[in-house]
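The block underneath contains the structure these notes are about, expressed in structure tokens.
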């Protein structure tokens, strides 16, 4: 920039007509001089430069701390938000500890009573296996009847439904008492309600509701079912060691004898498989006495073949 243009620039600066870029050039030029150097500026220009520089510095001194404080607040808020998001994500995504299950099982002719963590009581019939958690975490109380028969007296908890899983159906309640017969060697699975109300959900998504004195008989092969009224006391009589059979098929009789006494009985003819049996089965009676009651019903006999008993 030649001397003439520079003088014009200084004049515009002095009368206030210089733009922002021009003002910056003049102020930078003035600042580059040391006190020892001669400043070829008129006193008016020099004083204006000083005033402009001071006016630019003073607001900066008072505003800068406020801006820094505001920036600190923004940064702190952002850090807090990300910390909260991270904490929530960690809580939701972190692996939950695996549920620890206990196993309760009974032998032939054995009956066992146990109390779950929620104070619900369960009676296990002979040859039964039940899995249940040591603690009922979450929003459900879920247990698994893997095999056999059990009677449940469930403590009411509206916030935690009680669910019993079997291989074929799922029984869900809030608080009630009911019986499930789910022996794998039985042709039908049975659910009987003593008190309250239960829902039985099948594999095809259908739910059947039962009230006191009702029993559901579910064919595990065909998926067909029927509901009927039963004697509640008789249906849960096995808890006292007595199973009452009423018009049971030979297959049902054989399954009960196997589960209660550990004895395998077979029919010696097709005619015998068509018979119906009504009698009490007591696990504490000698097997011979039970077999005599069975054969007396239809004037039949029994013999031992290896480890099996044949009715003929």
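In the numbering used here, the protein residues as written are 1303 to 1614.
Each residue gets a CB set at the ideal place from its N, CA and C atoms; glycine is no exception.
Quick caveat, the model's predicted, so the values are computed rather than measured.
CA-CA distance, residue 1500 and residue 1607?
-> Roughly 44 Å separates the two Cα atoms.
Selected residue, minimal CA-CA separation from residue 1276, among 1445, 1475 and 1467 | Any question about residue 1276 goes unanswered here, given that the chain covers just 1303 to 1614.
Per DSSP, the bridge partner or partners of residue 1435 = 1403, per the DSSP bridge assignment.
Leaving aside the five residues before and after residue 1536 along the sequence, list all residues of the same chain whose C-beta is less than 7 Å from its C-beta, in chain order.
-> Closer than 7 Å at Cβ, skipping near neighbours: 1546.
Inter-residue Cα distance where the pair is residue 1359 and residue 1326 = Confidence at residue 1359 is low in this model, with a pLDDT of 44, below 50, so its placement is unreliable and the value that follows should be read with caution. One C-alpha to the other measures close to 14 Å.
For residue 1456, count neighbouring Cβ atoms within 10 angstroms of its own Cβ and tell me buried if that reaches 16, exposed if not.
-> Buried, by the Cβ-count rule.
Which listed residue (1421, 1443, 1487 and 1551) has its alpha carbon closest to that of residue 1450 | Closest in alpha carbon position to residue 1450, among 1421, 1443, 1487 and 1551, is 1487.
Using DSSP with H/G/I as helix, E/B as strand and the rest coil, what is residue 1315?
-> For residue 1315, the secondary structure class from DSSP, reduced to helix, strand or coil, is helix.
Any chain B beta carbon closer than 8 Å to residue 1401 = The question asks about chain B, but that chain is absent: this structure has only one protein chain.
Please list, in chain order, all residues of the same chain as residue 1484 whose beta carbon is under 6 Å from its beta carbon, the five residues on each side excluded.
-> Once the five neighbours on either side are set aside, the close Cβ partners of residue 1484 are 1447, 1468 and 1491.
Would you kindly check if the distance between the Cβ of residue 1514 and the Cβ of residue 1495 is under 8 Å?
-> With contacts defined as CB atoms closer than 8 Å, residue 1495 and residue 1514 qualify as a contacting pair.
Below 8 Å on the Cβ atoms is my guess for residue 1578 versus residue 1598; work out the distance and round it to an integer in Å.
-> Between residue 1598 and residue 1578 the Cβ distance is about 14 Å, and since that is not below 8 Å, they are no contact.
Nearest-angstrom Cα distance between residue 1442 and residue 1585?
-> Residue 1442 and residue 1585: Cα-Cα distance of roughly 35 Å.
Just checking my contact of residue 1551 with residue 1610 at CB under 8 Å: how many whole Å lie between their CB atoms?
-> Wrong, their Cβ atoms sit about 18 Å apart, outside the cutoff.
Taking buried to mean at least 16 other C-beta atoms within 10 Å of its own C-beta, is residue 1444 buried or exposed?
-> Around the beta carbon of residue 1444, 16 or more other beta carbons lie within 10 angstroms, which makes this residue buried.
Bridge partners - residue 1411, DSSP secondary structure assignment | BP columns for residue 1411 are empty, so no partner.
Neighbourhood of residue 1570 by C-beta, 7 Å cutoff - its chain only, sequence neighbours within 5 removed = If we look at residue 1570 and ignore the five residues flanking it on each side, its Cβ neighbours are 1612, 1613 and 1614.
Hey, would you say residue 1432 sits closer than 8 Å to residue 1400, going by beta carbons?
-> Not closer than 8 Å, so no.
Proximal residues to residue 1540 (C-beta, below 6 Å), its chain only, five neighbours per side dropped | If we look at residue 1540 and ignore the five residues flanking it on each side, its Cβ neighbours are 1427.
Close Cβ partners of residue 1423 (< 6 Å) along its chain, the five nearest in sequence each way excluded = Only 1417 and 1455 meet the Cβ criterion.
Residue from 1479, 1510, 1439 and 1559 with nearest C-alpha to residue 1471 = Measuring C-alpha to C-alpha distances from residue 1471 to each of 1479, 1510, 1439 and 1559 identifies 1510 as the nearest.
Burial state of residue 1561 (16 or more Cβ within 10 Å) = With 16 or more other Cβ atoms within 10 Å, it is buried.
Inter-residue spacing [alpha-carbon to alpha-carbon] between residue 1314 and residue 1323 | When the Cα atoms are used, residue 1314 and residue 1323 turn out to be separated by approximately 12 Å.
Cα-Cα separation, residue 1603 to residue 1592 | So the two alpha carbons sit approximately 12 Å from each other.
Unbroken stretches of the alpha helix (DSSP H), 4 residues or longer, contained in the segment 1538-1566 | Within the segment 1538-1566, complete alpha helix (DSSP H) segments of at least 4 residues are found at 1552-1563, given in chain order.
Given a threshold of 16 other Cβ atoms within 10 Å of its Cβ, counted over all protein chains shown, does residue 1590 qualify as buried or as exposed?
-> Its Cβ having fewer than 16 others within 10 Å, residue 1590 is exposed.
Is DSSP giving residue 1358 helix, strand or coil here?
-> Note that residue 1358 scores 48 on pLDDT, short of 50, meaning its location in the model is unreliable; the coordinates nonetheless yield the value given after this. Three-state DSSP puts residue 1358 in a helix.
In whole angstroms, what separates the C-alpha of residue 1419 from that of residue 1576?
-> If you take the alpha carbons of residue 1419 and residue 1576, they lie about 45 Å apart.
Residues near residue 1582 by beta carbon distance below 6 Å, same chain, minus five either side = Excluding residues within five positions, the ones whose Cβ falls inside 6 Å are 1544 and 1546.
Neighbourhood of residue 1404 by C-beta distance below 8 Å, restricted to the same chain and skipping five residues each side = Residues 1433, 1434, 1435 and 1436 of the same chain have their beta carbon placed closer than 8 Å to that of residue 1404, with the five preceding and five following residues left out of the count.
So, are the CB atoms of residue 1526 and residue 1512 less than 8 Å apart?
-> No, the Cβ-Cβ distance between residue 1526 and residue 1512 is not below 8 Å.
Around the Cβ of residue 1516, are there at least 16 other Cβ atoms within 10 angstroms (buried) or fewer (exposed)?
-> By the neighbour-count definition (other C-beta atoms within 10 Å, threshold 16), residue 1516 is a buried residue.
Straight-line Cα distance separating residue 1318 from residue 1363 = In this prediction, residue 1363 scores a pLDDT of 46, lower than 50, which makes its location untrustworthy; the coordinate-derived value is nonetheless stated afterwards. Cα atoms of residue 1363 and residue 1318: separation of roughly 24 Å, rounded to the nearest angstrom.
The beta strand (DSSP E) enclosing residue 1519, as first and last residue numbers | Per DSSP, the continuous beta strand (DSSP E) segment holding residue 1519 begins and ends at 1516-1521.
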